[in-house]
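Participant: Before we start, here is the structure in question, set down as C-alpha cells.
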Amino acid sequence: MLNALLSGDLPRSRGLTLILLAILVGLAFAPFLFPGTRSLNTAATICVFIVLVASYDLLLGYTGVVSFAHTMFYGIGAYGVAIMLELWPASWGGILLGSLAGLAVSIALAFVIALFSLRVRAIFFAMVTLAVSSAFMILASQLSGLTGGEDGLSYRVPRELGPAFKLIDTEILGVKVDGRLLNYYLVFLASAGLVLLLLRFVNAPFGRVLQAIRENTFRAEAIGYRTVIYRTIAVCLSAGVASLAGSLMAIWLKYTGPDTTLSLTIMIDILLMLVIGGMGSIYGAVLGATLFILARNYLQNLMDIGASALGDLPLLPALIDPDRWLLWLGVLFILSVYFFPSGIVGRLRAGR
Amino acid sequence: MPEPLLRLEGVHTHIGQYHILQGVDLDVPAGGLTMLLGRNGAGKTTTLRSIMGLWNPSQGRVVFDGTEIGGMGTADIARLGLAYVPENMGLFGNLTVQENMVLAARKGPMDNARLDWIFELFPALKKFWRLPAGNLSGGQKQMLAIARAISEPRRLLLIDEPTKGLAPSIVEALIEAFLDLKRSETTILLVEQNFRMACAVGDSVAVMDDGQIVHTGAMSELAENEALQQRLLGLSLDTHQ
C-alpha cells in the first residue's frame, strides 16, 4: 500500500525515513502540535514550498535543465486566483477558475519557451528563462489595473476558508475547528497530493528517460528518445505544478504581490532548498524546504535565546546576537553544502 | 546479389575544420557480421557516428534498408532499428543495470525469454541487476552496453571497439557472445582493433585508411593473407591478443 502510494520510491534509509515521518506528522498535526498564527503560517508555507521545490527538482534534479522562470509560473498561478477572486470575491468558482486559468497560461507559456529554447545549449535556455521572468515581473508591476502593481492584490477567499467560519462549535485539543483550519488542511492535502503525483511521474519510465537525458543527452538520443520532446514535457509539467503551488499560496495568504510570488529572491531560495535537500529526489525537496523555512523563520528566536543564556560571557553573546541571524543562516548553508555535497538525502541514502 | 541492409555512398564528414571521412563507400550485408578495421584515426568511429546522425555527413548518402537516413535526427535513426554501442559504452552510470536495460526497451516491458537469453550471454548482469551501472567493472560495463543494444530485436548493431582495455578472459566471453548473436541473424557492423577477435567473429571486412575504404572482402581471406594484413593494416592491429 505504502509502496504503491510512494510509487515504489521508498526512502531507502532509516535516518531519512525517520526525518520524513517527523516532517509528515509535524505538518499533518501542525495546528494541534504548534498552535498559533505564526506557526500555522510557517507550516502552510512549508507545504507550498515543498511542492514548488519538488516541481523545480523535476526540472533541474531529474532533467538537468536550469530555469530561472520557476517563480514566474508560481506567480502566474497565484495571480490567476487573485485576479479571479477580485472579479468574483469569496467564491469557490473564482478559486477553481483562477487555478485552472493559471495552470493553462503557465503550461502554454512553458511550452512556447521550451519549444523555442530547448534546442539550444543549456546556458541559453537559462538566459531565456531569466529574461522572460524579468519581463513578466515588470509586466506584473506595470499592469496595476489588473495585478495591483507593486502593492499587489488583497482579496477575500470563500467564507468556509476564513476564521469567521465555524465547522463545529467544540474545540479539538484546544483548537477551534474554523475556516482557517480548513484552509490549512486544503493546502496540506493538495500539497501532499501534488508531491505524490510528482513521485508517480519521476518513478514512471518517463522519469527514467529524464534521468538519462540529464546524464547524457546524446546517449539518450542514440537509444531512440527524442530528448527535446521529453524536456518540453518536463518543463510544462514542472511549470504546471509550480502554478498550482502558487494558487495554493494565494488561497492561504489572501494576498498576491510581486515580492511574494515573482521575486528573484524566491528563485534563489528554491535553488538553495533543492541543493541543501538533495537534487534528483523528491524527498530532497521535502527536507530542503522544511529546513530552510524553519531556519529562516526561527533562527532569530533561537539566537535570541542563546544570546540571553550566554549573557555573562564575553564576545559570544555579541556573536550570536539575533540581528546577525542572516550571517549565521549563510554560514549554515555553506556548511551544509560543504558537508553534504549531494544534499542531505544523498548523504543519508549513501549511509555515511 | 541482394541489396545490403546498410549502404554508404561517397560519404564525407567534416568535424570543425577537419575533413575526416573523404568519400566512404561501404555495404553491410543483412544477417552477417561486418568488421570495420583500420589504424587509429582512420575514421572508423566517425563512420559509425555519421551513420547514427551524431555527426551529419556533409556529402554523400547513407541508406538503411532503402531509406535515406543521412541528415535524419539520431533518435529517428535509432527508431528505425539501429543500435549504437559507442567506444565509451554510453551507459547511464547513475541508473541501475535494470534501469539501463528497461530504458533501451522502448517498445514496452522487456520480453522475459529475451532477458533470459541476455542473461545466458552475460551472466554477470543478472548478479548486478539492481546495482548502479557506474559501479560495474570495465568488462561488465561493456557487457551491459551490448546487452542494452540487444534488449529488443534490432535490425543493425553498430559496435565500436568492445574489447578495448578488457582482460583476455572477458574478450573470450565477448567472442562467444558475438558468435551467439550471429546465430540469431542480427546484422552487426563491428569496429575492432583486436585482430584475433575480428578473425573469430567476422564474416566480411572493410579496411579504412585516411577516411576512405581501401579494402573490402571476406574476413577469412584477410585472415589467411599475412602480406595483405601487413599492407593494409601495418602495425595497427595487435595480432597477439
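Which chain is which? The protein sequence lines are C and B, in order.
All residue numbers for the first sequence refer to the numbering used here, where the first residue is 2 and numbers rise by one.
All residue numbers for the second sequence refer to the numbering used here, where the first residue is -12 and numbers rise by one.
Note that CB positions come from ideal geometry on N, CA and C, so glycine has one too.
1) Can the beta-carbon of B:M130 be found closer than 8 angstroms to that of B:L145?
2) When you compare the segment 56 to 65 of chain B with the segment 39 to 48 of chain B, are there three or more beta-carbon pairs, one atom per stretch, that lie closer than 8 angstroms?
3) According to DSSP, what are the bridge partners of C:T171?
4) Give me, in chain order, the residues of the same chain whose beta-carbon lies closer than 8 angstroms to that of C:F202; leave out the 5 immediate sequence neighbours on both sides.
5) So is C:A109 buried or exposed if we call it buried at 16+ other beta carbons inside 10 Å?
6) Would you tell me roughly how many angstroms separate the C-alpha atoms of C:A127 and C:I47, rounded to the nearest one?
7) Jot down the residue ranges of each uninterrupted alpha helix (DSSP H) in the segment 53 to 109 of chain C, minimum 4 residues, whole runs only, in chain order.
8) What residue range does the beta strand (DSSP E) around B:I146 cover?
9) Given 8 angstroms as the limit, is there contact between the segment 298 to 308 of chain C and the segment 316 to 329 of chain C, that is, 3 or more CB pairs closer than that?
10) Answer yes or no: does any C-beta atom of chain C fall closer than 8 angstroms to that of B:G77?
11) Just to check my reading of the structure: C:V242 and C:G285 have Cβ atoms closer than 8 angstroms, yes? What is that Cβ distance to the nearest angstrom?
12) So does the segment 169 to 179 of chain B actually touch the segment 17 to 26 of chain B, counting three or more Cβ pairs closer than 8 angstroms?
13) Interface residues of chain C around B:G80 at Cβ under 8 angstroms?
14) To which residues of the same chain is B:R141 closer than 8 angstroms at the C-beta, ignoring the five residues directly before and after it?
15) How many Å lie between C:H71 and B:C186 at the Cα?
16) Compute the Euclidean distance between the alpha carbons of C:M2 and C:Y63, then round it to the nearest angstrom.
17) Could you give the DSSP three-state label for B:Q180: helix, strand or coil?
18) For B:T61, return the contacting residues in chain C, with the cut-off set at a CB-CB distance below 8 angstroms.
19) In the DSSP output, which residue or residues are listed as bridge partners for B:Q199?
20) Considering just the uninterrupted stretch of the beta strand (DSSP E) at B:E(-4), what are its terminal residues?
21) Please list, in chain order, all residues of the same chain as B:E74 whose beta carbon is under 6 angstroms from its beta carbon, the five residues on each side excluded.
22) Excluding the five sequence neighbours on either side, which residues of its own chain have a C-beta within less than 7 angstroms of the C-beta of C:T218, listed in chain order?
23) Between C:A213 and chain B, is any beta-carbon pair separated by less than 8 angstroms?
24) C:V210 CB to nearest chain E CB: under 8 angstroms?
Facilitator: Quick answer:
1) No, the pair does not count as a contact, with Cβ atoms beyond the cut-off.
2) Contact between the segment 56 to 65 of chain B and the segment 39 to 48 of chain B is present, because at least three Cβ pairs lie under 8 angstroms.
3) The beta-bridge partner set that DSSP reports for C:T171 is empty.
4) Around C:F202: L59, G208, L238.
5) Residue burial is scored here from C-beta neighbours: C:A109 has fewer than 16 other C-beta atoms within 10 angstroms and is therefore classed as exposed.
6) Here the C-alpha atom of C:A127 lies approximately 26 angstroms from the C-alpha atom of C:I47.
7) The qualifying runs are 71 to 88.
8) Residues 143 to 147.
9) Contact holds between the segment 298 to 308 of chain C and the segment 316 to 329 of chain C, because three or more Cβ pairs, one in each stretch, are under 8 angstroms apart.
10) Yes, contact with chain C.
11) Incorrect: roughly 16 angstroms between the Cβ atoms, too far for contact.
12) Touching, yes, given that three or more Cβ pairs across the two stretches are closer than 8 angstroms.
13) Taking a Cβ-Cβ cut-off of 8 angstroms, the neighbours of B:G80 in chain C comprise E216, given in sequence order.
14) Spatial neighbours of B:R141 in its own chain (CB-CB distance under 8 angstroms, excluding positions within 5 residues in sequence) are listed in chain order as G68, L69, A70, T173.
15) Their backbone Cα atoms lie some 57 angstroms apart in a straight line.
16) Straight across, the Cα-Cα distance linking C:M2 with C:Y63 is about 25 angstroms.
17) Per DSSP, reduced to three states, the secondary structure at B:Q180 is coil, with no helix or strand assignment.
18) Close partners of B:T61 in chain C (Cβ separation under 8 angstroms): F219, E222, A223.
19) According to DSSP, B:Q199 bridges with B:D196.
20) Run containing B:E(-4): -7 to 2, per the beta strand (DSSP E) assignment.
21) Non-local beta-carbon contacts of B:E74 in its own chain, meaning distances under 6 angstroms to residues more than five positions away in sequence, involve D147, E148 in chain order.
22) Only T228 meet the Cβ criterion.
23) In terms of beta-carbon proximity, C:A213 lines the interface with chain B, with at least one pair separated by less than 8 angstroms.
24) Absent from the structure is chain E; the protein chains it does hold are C and B.
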